[in-house]
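Student: There's a structure below that I have some questions on.
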Amino acid sequence: MKTLPDFAPAPSATRRDYVAQTLRDAILTGRIAPGTQLVESHFATQFGVSRGLLREAIRELIETGLLVNKPYAGTYVTDISEETMSDVYEVRRIMERQAFIRLWPQRDEAFRAEMTARYEALAEAASSSELHRESAAEAHFHGLVYERCGNQLLLDVWHQMTQKIQLGFAVCRLTHAPKPDFAENHHLFLELAIGSDLNAMLEELDAHLLRGLSTIRHALRNTAPRG
């Protein structure tokens, strides 16, 4: 069985939220690797909570797609594969292109200012060399077009999809896979997103997503076999 990390007891006022957020962070930073089984007794003891409360927190993470319950086997961190990530990025490409097409005529100075601010936050996160901060900032950066495109379903699906994308980058952390420079990789994207050429924006979007998928594929191919 894989080694499980230690955690401090949960604060009493917000125990369920604390447990859910702490587990979420541990998964998205690679401290608990994809495919790892969560042992209820271990985590209930670590957090100093009842197994019932722990199950509530686990249920929340199952709903977001970070965990999966396998009948008669237990709860596991969602495993990912090249096929899964290829599917995710294919759907993301379709969605993000449509979001930009819908939004393009409605972009204003407020959008441009917010996009620029999110890029600057991304560059700052990238300089920290903390992969979780980088991947969260990237999701926030890309999320703006979904927030402003006027289609709530696109935004809802995007929120679900970011969990799997961040799991992919957690694998990058575990394997120390090389990744594109986050700030440089997003600078042209920013310029085109606030610019005037929609076709150029869509071309860069395709290339940008391919670079991200290639990074995750490289990491998955270098993941040690589980056993």
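Start counting the sequence shown at 45; every next residue gets the next number (our numbering). Each residue gets a CB set at the ideal place from its N, CA and C atoms; glycine is no exception. Predicted model, so just to flag it, every value in this text is computed and none were measured.
Report yes or no: do the region 148-157 and the region 195-202 share at least 3 C-beta pairs separated by less than 8 Å?
Tutor: Output reads no: the region 195-202 does not touch the region 148-157.
Student: Give the list of continuous beta strand (DSSP E) stretches no shorter than 3 residues that lie fully inside the region 186-263.
Tutor: If we require 3 residues or more, the region 186-263 turns out to have no beta strand (DSSP E) run fully inside it.
Student: Runs of 4 residues minimum, wholly inside the region 142-188: which ones carry the alpha helix (DSSP H) assignment?
Tutor: Complete alpha helix (DSSP H) runs here, min 4: 153-171.
Student: Any contact of the region 70-86 with the region 117-124, i.e. 3+ C-beta pairs under 8 Å?
Tutor: Flag = yes, the region 70-86 and the region 117-124 touch.
Student: Measuring only the C-alpha atoms, how far is Glu134 from Gly92?
Tutor: Each residue's Cα considered, the two are about 42 Å apart.
Student: Alpha carbon to alpha carbon, what distance is there between Thr89 and Ala181?
Tutor: When rounded, the distance between both Cα atoms is 32 Å.
Student: Is Gly118 helix, strand or coil when you go by DSSP?
Tutor: In this structure, Gly118 counts as strand in the three-state DSSP scheme.
Student: Are Ile209 and Met159 close, meaning C-beta to C-beta below 8 Å?
Tutor: No; because the gap between Cβ atoms is not below 8 Å, this pair is not in contact.
Student: Tell me whether the beta-carbon of Thr73 lies closer than 8 Å to the beta-carbon of Gln207.
Tutor: No; because the gap between Cβ atoms is not below 8 Å, this pair is not in contact.
Student: Less than 8 Å between the beta carbons of Ile71 and Leu110, yes or no?
Tutor: Yes; because the gap between Cβ atoms is below 8 Å, this pair is in contact.
Student: Counting only beta-carbon atoms, is Asp250 nearer than 8 Å to chain D?
Tutor: No chain D is part of this structure, which consists of one protein chain only.
Student: Cutting at 7 Å between CB atoms, please list the residues of its own chain near Glu191, excluding the five before and the five after it.
Tutor: Cβ within range, chain order: Leu199.
Student: Per the DSSP calculation, Leu82 is bridged to which residue(s)?
Tutor: For Leu82, which the question treats as bridged, DSSP gives the partners Thr119.
Student: Relative to the C-alpha of Gly187, which candidate in Arg162, Ser171, Ala167, Glu178 has its C-alpha closest?
Tutor: Gly187 has its Cα closest to that of Arg162, out of Arg162, Ser171, Ala167, Glu178.
Student: On the criterion of 16 or more Cβ atoms from any shown chain inside 10 Å, does His176 qualify as buried, or is it exposed?
Tutor: Flag for His176 reads buried.
Student: For Gln204, which residues in the same chain have their Cβ closer than 8 Å to its Cβ, ignoring the five residues on either side in sequence?
Tutor: The residues are Thr108, Gly109.
Student: How far does the alpha helix (DSSP H) with Asp50 in it reach, from first residue to last?
Tutor: Premise fails: Asp50 is in no alpha helix (DSSP H) and is neither H nor E.
Student: Look up Asn113 in the DSSP assignment and give the residues it is bridged to.
Tutor: Paired residues: Thr119.
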